[in-house]
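Going letter by letter, the sequence shown gives residues 2 to 126 in the working numbering. First comes the structure, then the notes that go with it.
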Amino acid sequence: MSRRAMLLERLARKRQADRMEEARKVSLALAALSRTETQLAALQSIIPGIETTDPLPPGALKTQHSLSLVIVEQIDQTRQIQDAQRRSVDKAREALAQAELRARLTEDHARIAKTAQATAADLGT
């Protein structure tokens, strides 16, 4: 095998490993987003439990309001995290697509180099 074909084959293996790493990053980003969505749903389910129609003892209304504000703030922060995670997933998917393209192109170049070498060997005999 010619040096060029060997180098291209080694590069193709590296690009395939890069593609697999990018796929792993996409998977991790999706898992993090899923956890955040679960956390957001849990936070949103708390508010209806806080608001009650029963008469409240003195001072409880202020406490209830303060607790609601804290939960709403947590929901807002979680949504911001969720938005950042979505952007991260989009970037990871884009990087994966680029890695897949590079891997395919390198594999094609390696295959062409092998074919050219085989053709040259056939013509030389």
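All C-beta atoms, glycine included, are put in the ideal place defined by N, C-alpha and C.
If the five residues before and after L97 are omitted, its C-beta is found closer than 6 Å to the C-beta atoms of E23, A24 and V27, all from its own chain and listed in chain order. For A111, the CB contacts under 6 Å within the same chain, skipping 5 residues up- and downstream, are L9, E10 and A13 in chain order. Excluding its 5 nearest sequence neighbours in each direction, I47 has C-beta neighbours in its own chain below 6 Å: I72, listed in chain order. Secondary structure note for S3: it is in no alpha helix (DSSP H), with a DSSP letter that is neither H nor E. Within the same chain, no residue comes within 8 Å of I113 by CB-CB distance, once the 5 residues on both sides are set aside. Assigned with DSSP and collapsed to three states, G60 falls in coil, not helix or strand. For L44, the CB contacts under 7 Å within the same chain, skipping 5 residues up- and downstream, are I72, Q75, I76 and T79 in chain order.
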